[in-house]
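A short write-up of the structure that comes next.
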Amino acid sequence: MNKVAIIGVGHTKFGKLEEKNLMDLLCDASLEALNDSNTNDENFDSVYLGAMCPGEFNHLSGIASALVDRLGLIPAAADHLKNGPASGGSAVKAGFHAIASGMNSMVLVVGGEKMTHISTPGYITSAVATLTHHQAERRHGTSLPSLAGLLSRIYLEKYNAKLEWLSDIAIKNHRNGALNPIAHFQKKIEDFMESAVKKGKGNWNTIYEFLSDDNSNPIIADPLRLFHICPISDGAAAIILCNGEIAKKFCDNPVLITGIGQATDTHITYEREDITVLNALRVSSDQAYRMAKKTPKDIDVAELHDAFEILEAVESEDIGFFKKGEGARAAHEGRTEIDGEIPINPSGGLKARGHPLGATGVAQVVELVWQLRGEAGKRQVSDAQTGITCNFGGFGNNIISILVERM
Amino acid sequence: MSNKENLVSNKCKKCGYLQDISHLRCLKCKNNTFDTIEANGTCVLLTYTILKAPPLEFRDKGSYALGVVQFENGIRALGQIFPKENLRIGMKLKPVYEKICNNLDGNEVYSYVFKLIE
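As they're listed, the protein sequences go chains A and B. Under the working numbering, the letters of the first sequence match residues 1 to 407, in that order. Under the working numbering, the letters of the second sequence match residues 1 to 118, in that order.
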């Protein structure tokens, strides 16, 4: 198997980007990655594009073919991968396979989504809920936030954890996002509270009071409130992959993908023997660790899929950092801060960087590349050499883990 | 419970594993023959949430409770819970067949829901 190197990355700002359409975002991220990898004059074998709902949100199909045309990469092969919110992770995996197998020597991977223009209340919730099992879950009114609410309540009860500890994850991720110039929210929750006080919307003694107020932090899927849930975002991210043997021709500091895994679990979430266990993450991360000959102890930084803050807690356990039931407590104790024992989501995660569905799996890898190249600015994890991601393509029923190392 | 919709699961004829009727083969042993069994007696609430931002087709309801329950014979199910106040994990409920919403065409949608045992 050939070594697979990431030789360049691109990342648009995430957020409400009114002046850009989906194709603009995909092109912006791709062109930045081409520049970053010094491959503007290279011929590309393949382009893999991850996007979850371009048909539903943007009335577009055939977007991978359109993208190579727009970018001047014809006759590169072009594929659009749709794997829910792990469409980006699936695109990275397809690119990895193409290089590792020797079929391709130069590949562009890009993920993106354009969502914030949709104003109909419940439309996006409904479109995303089509991921769930229709007969057993969706026809009863299930949404993704409601599945997260169900998971949160049973987790808090079973492991004697506190809702405030999930809030601590959001507080941390917003604090990290405030240090990330491409994040959707570059603002701490403390700053949201201060603005609300200045506007006369209330007076709170502590951030936990602010976060448990129905007006400042409304309930979405009890016990989860607005600040426990990722925003709806626009954005795109891209990486350039090539055979590791030629990587240093293009850049001085390539990053290798040394482990990759993907696994599934039951479509109906309540059919899992223990609802609080993400077995697909246990299997996929184990595959990634084995391929890279690493263990969770070797990881310096992680980008996890915190579409809901309960997920960061549970994922931090099933990816091997903490014992079952201790993830939320570990975050509360500061062990996952940028200067903690295992920094999680220095980017701000889905909560603060934002979650343009198909972009996220690629954006997680881009953040790790910046961390490993020492280019993460104020949110830099000290001497980060090895990182891992967790990207969700449903509600725990399809998970991709990608392990990267400095070359 | 009304006979308009039976709450059932499939039990694998080879290994006895209990699973949703949508699976064509057993998740444990890959066998493809099953006995269909009905949910039995009352059920216990395993977890619940109160959803205040419903998907488009449930917006007419504003807010509703969803829960996962487990019956005495091991069958699990998800459904809405009426009323949505004073819920707690471990409480006993019973399934009832009734209207759960009007869909986007304005038609009434029926299913089983879970209610407090009087």
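Where is the CB? At the ideal position from N, CA and C, for every residue including glycine. In this text the structure is predicted, and so the values were computed from the model without any measurement.
(request) Using a Cβ-Cβ cut-off of less than 8 Å, list which residues of the region 280-314 of chain A approach chain B; keep chain order. (result) Result list empty, no residue passes.
(message) With the cut-off set at 7 Å, would you say residue 170 of chain A and residue 309 of chain A are in Cβ contact?
(response) Position 170 of the first sequence, counted from the start, is the residue given in the question as residue 170 of chain A. Position 309 of the first sequence, counted from the start, is the residue given in the question as residue 309 of chain A. The answer is yes: Cβ separation under 7 Å.
(message) Taking CB distances under 7 Å as the criterion, tell me whether residue 130 of chain A reaches chain B.
(response) Residue mapping note: residue 130 of chain A aligns to position 130 of the first sequence, counting from 1. By the rule that beta-carbons nearer than 7 Å mark a contact, residue 130 of chain A does not touch chain B.
(request) Could you name the residues of the region 219-232 of chain A whose beta carbon sits closer than 8 Å to any beta carbon of chain B, in the order they occur along the chain? (result) Within the region 219-232 of chain A, the qualifying residues are 219, 220, 221, 222, 223 and 224.
(message) In this structure, how does DSSP classify residue 390 of chain A when only helix, strand and coil are distinguished?
(response) Locating residue 390 of chain A in the first sequence gives position 390, counting from the first residue. Reduced to three states, the DSSP call for residue 390 of chain A is strand.
(request) Just list the beta strand (DSSP E) runs in the region 53-124 of chain A, keeping only unbroken ones of 3 residues or longer that don't cross its boundaries, in chain order. (result) Listed in chain order, they are 77-81 and 106-113.
(request) Pull up the distance between the alpha-carbon of residue 359 of chain A and that of residue 330 of chain A, whole angstroms please. (result) For the purposes of this step, residue 359 of chain A is taken as residue 359 along the first sequence, with counting starting at 1. For the purposes of this step, residue 330 of chain A is taken as residue 330 along the first sequence, with counting starting at 1. Answer to the nearest angstrom: the Cα atoms are 28 Å apart.
(message) Below 8 Å on C-beta distance, what does residue 143 of chain A contact in chain B?
(response) If you number the first sequence from 1, residue 143 of chain A lands on position 143. Going along chain B in sequence order, the residues near residue 143 of chain A (Cβ under 8 Å) are 51, 53, 54 and 55.
(request) Using beta-carbon positions only, say whether residue 69 of chain B and residue 29 of chain B come within less than 7 Å of one another. (result) As a first step, residue 69 of chain B must be located in the second sequence, where it is residue number 69. As a first step, residue 29 of chain B must be located in the second sequence, where it is residue number 29. Contact: no.
(request) Answer with yes or no whether the minimum CB distance from residue 273 of chain A to chain B is below 7 Å. (result) Taking the first sequence and counting its residues from 1, the one referred to as residue 273 of chain A is at position 273. So, not an interface residue.
(request) For residue 2 of chain B, collect the residues of the same chain with a Cβ closer than 6 Å to its Cβ; drop the 5 residues on either side in sequence, then sort them by chain order. (result) What you label residue 2 of chain B is simply residue 2 of the second sequence in a count that begins at 1. Here residue 2 of chain B scores only 45 on pLDDT, less than 50, and its place in the model is too uncertain to base an answer on.
(message) When you compare the CB positions of residue 7 of chain B and residue 39 of chain B, do they come within less than 7 Å of one another, or not?
(response) On the second sequence, residue 7 of chain B is found 7 positions in, with the first residue counted as 1. On the second sequence, residue 39 of chain B is found 39 positions in, with the first residue counted as 1. Yes, the pair counts as a contact, with Cβ atoms nearer than the cut-off.
(request) Taking residue 51 of chain B as the reference, give the member of A:82, A:132, A:150 and A:108 with the closest Cα. (result) Mapped onto the second sequence, residue 51 of chain B falls at position 51. Ranking A:82, A:132, A:150 and A:108 by Cα distance to residue 51 of chain B puts A:150 first.
(message) I need the boundaries of the beta strand (DSSP E) containing residue 238 of chain A, first residue and last residue.
(response) On the first sequence, position 238 is the one that residue 238 of chain A refers to. It spans 235-243 - the beta strand (DSSP E) in which residue 238 of chain A sits, taken as one unbroken run.
(message) Within 10 Å of its beta-carbon, does residue 105 of chain B have 16 or more other beta-carbons around it, so buried, or fewer, so exposed?
(response) Residue 105 of chain B sits at position 105 when you count from the first residue of the second sequence. The residue is exposed, with fewer than 16 neighbouring Cβ atoms inside 10 Å.
(request) Could you check what DSSP says for residue 179 of chain A in three-state terms: helix, strand or coil? (result) Numbered from its first residue, the first sequence carries residue 179 of chain A at position 179. Note: residue 179 of chain A maps to coil in three-state DSSP.
(message) Does chain A have any CB closer than 7 Å to the CB of residue 20 of chain B?
(response) Position 20 of the second sequence holds residue 20 of chain B. Yes - at least one Cβ of chain A is within 7 Å of the one on residue 20 of chain B.
(request) Go to residue 46 of chain B, then tell me how far its beta strand (DSSP E) extends in each direction, as first and last residue. (result) Walking along the second sequence from the start, residue 46 of chain B turns up at place 46. Residues 43-51.
(message) For residue 49 of chain B and residue 179 of chain A, what's the separation of their Cα atoms in angstroms?
(response) Position 49 of the second sequence, counting from 1, holds the residue named residue 49 of chain B. Position 179 of the first sequence, counting from 1, holds the residue named residue 179 of chain A. When rounded, the distance between both Cα atoms is 34 Å.
(message) Under 7 Å, Cβ to Cβ, is there at least one residue of chain B near residue 153 of chain A?
(response) Stepping through the first sequence from its first residue, residue 153 of chain A is reached at position 153. Answer yes: the Cβ-Cβ gap between residue 153 of chain A and chain B drops below 7 Å somewhere.
(message) In this structure, how does DSSP classify residue 360 of chain A when only helix, strand and coil are distinguished?
(response) Taking the first residue of the first sequence as position 1, residue 360 of chain A is located at position 360. Correct three-state label for residue 360 of chain A: helix.
(message) Measuring CB atoms only, is the region 90-103 of chain A touching the region 40-59 of chain A, in the sense that at least three cross pairs come out at less than 8 Å?
(response) As far as the Cβ criterion goes, the region 90-103 of chain A touches the region 40-59 of chain A, which means the pair count is three or higher.
(message) For residue 342 of chain A, tell me which candidate among A:168, A:387 and A:325 has the shortest Cα-Cα distance.
(response) As a position in the first sequence, residue 342 of chain A is number 342, starting the count at 1. Nearest of A:168, A:387 and A:325 to residue 342 of chain A, Cα basis: A:387.
(request) Just the chain A side, please: which residues come within less than 7 Å of residue 71 of chain B by C-beta, in chain order? (result) Taking the first residue of the second sequence as position 1, residue 71 of chain B is located at position 71. What residue 71 of chain B touches in chain A: nothing, since even the nearest Cβ is about 12 Å away.
(message) For a test of the three-state rule: what should DSSP assign to residue 23 of chain B, helix, strand or coil?
(response) In the second sequence, counting from the first residue as 1, residue 23 of chain B sits at position 23. Correct three-state label for residue 23 of chain B: coil.
(request) Would you mind sorting residue 266 of chain A into buried or exposed? The rule is 16 or more other CB atoms within 10 Å of its CB. (result) Along the first sequence, read from residue 1 onward, the residue named residue 266 of chain A stands at position 266. Classification of residue 266 of chain A: buried, given that the 10 Å Cβ count is 16 or more.
(request) Look up residue 232 of chain A in the DSSP assignment and say whether it is helix, strand or coil. (result) For this step, residue 232 of chain A is matched to residue 232 along the first sequence. Of the three classes helix, strand and coil, the one that applies to residue 232 of chain A here is coil, per DSSP.
(request) Give, in chain order, every residue of the region 22-53 of chain B whose Cβ lies closer than 8 Å to some Cβ of chain A. (result) Residues 22, 27, 46, 47, 48, 49, 50, 51, 52 and 53.
(request) Please look up how many angstroms separate the CB atoms of residue 10 of chain A and residue 36 of chain A, rounded, as I've assumed it's under 8 Å. (result) Counted from its first residue, the first sequence places residue 10 of chain A at position 10. Counted from its first residue, the first sequence places residue 36 of chain A at position 36. About 6 Å; that satisfies the 8 Å criterion.
(request) Give a single yes or no on whether residue 40 of chain B has its beta carbon closer than 6 Å to a heavy atom of the ligand HEM. (result) This structure lacks the ligand HEM; in fact it carries no ligand of any kind.
(request) Assign residue 107 of chain B to buried or exposed, taking buried as 16 or more other Cβ atoms, counted over all protein chains shown, within 10 Å of its Cβ. (result) Locating residue 107 of chain B in the second sequence gives position 107, where the first residue counts as 1. Taking all protein chains in view, the Cβ of residue 107 of chain B is surrounded by fewer than 16 other Cβ atoms within 10 Å, so the residue is classified as exposed.
(request) Tell me whether residue 154 of chain A is buried or exposed, calling it buried when 16 or more other Cβ atoms sit within 10 Å of its Cβ. (result) By 1-based counting over the first sequence, the position of residue 154 of chain A is 154. Around the beta-carbon of residue 154 of chain A, 16 or more other beta-carbon atoms lie within 10 Å, marking it buried.
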